[in-house]
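Numbering follows our numbering, with no gaps: position 24 of the sequence shown is 502.
Virtual Cβ for every residue (Gly too), placed ideally from N, Cα, C.
Contents: one structure, followed by commentary.
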Amino acid sequence: MHTPGDDAAPVHEGIIGGGGADDESRVEVYVTTDTSAAPHKAGEPKLYVMYDAAKPDGDKLYFTEAEWDAFVLGVKDGEFDLDEQGNLPPI
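Written as structure tokens, this is what we have:
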């Protein structure tokens with residue numbers, strides 16, 4: 479498990495969940511230069527790491543700078559917004 483260390487800088491934090499505090503996830507993102515947990519991205523100068531801070535031993539998503547920029551643009555564009563029934567928009 480890699481947790482934010484000396485090389486990590488926090489980027490974003492948010493809470494998702496539908497019920498009480500016990501079932502909420504806390505999504506956090508940090509930037510790191512340590513690529514050892516994502517060897518397929520070892521040539522990148524930095525990675526954006528997204529994880530559930532409520533489950534720090536759980537899975538993490540590793541984004542290159544270009545992937546992170548594309549993800550943020552998609553969020554801003556509404557690409558991941560849910561409809562009234564909780565479904566993603568059709569592709």
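Query                                                                                                                                         : Result
Pop quiz: residue 530 and residue 505 are said to be a contact at Cβ under 8 Å. What is the actual Cβ separation, rounded to whole angstroms? : 6 Å
Would you kindly report the start and end of the unbroken alpha helix (DSSP H) that includes residue 506?                                     : It is not in any alpha helix (DSSP H) - residue 506 instead sits in the beta strand (DSSP E) that spans 503–510.
Which two residues bound the contiguous beta strand (DSSP E) that contains residue 538?                                                       : 538–541
Which stretch, first to last residue, makes up the beta strand (DSSP E) that contains residue 525?                                            : 525–530
Which class does residue 552 belong to by DSSP, given the choice of helix, strand or coil?                                                    : helix
From residue 567 to residue 537, what distance separates their C-alpha atoms?                                                                 : 25 Å
May I ask you to report which of helix, strand or coil DSSP gives residue 519?                                                                : helix
By the 10 Å Cβ neighbour count, where 16 or more other Cβ atoms means buried, how is residue 558 classified, buried or exposed?               : exposed
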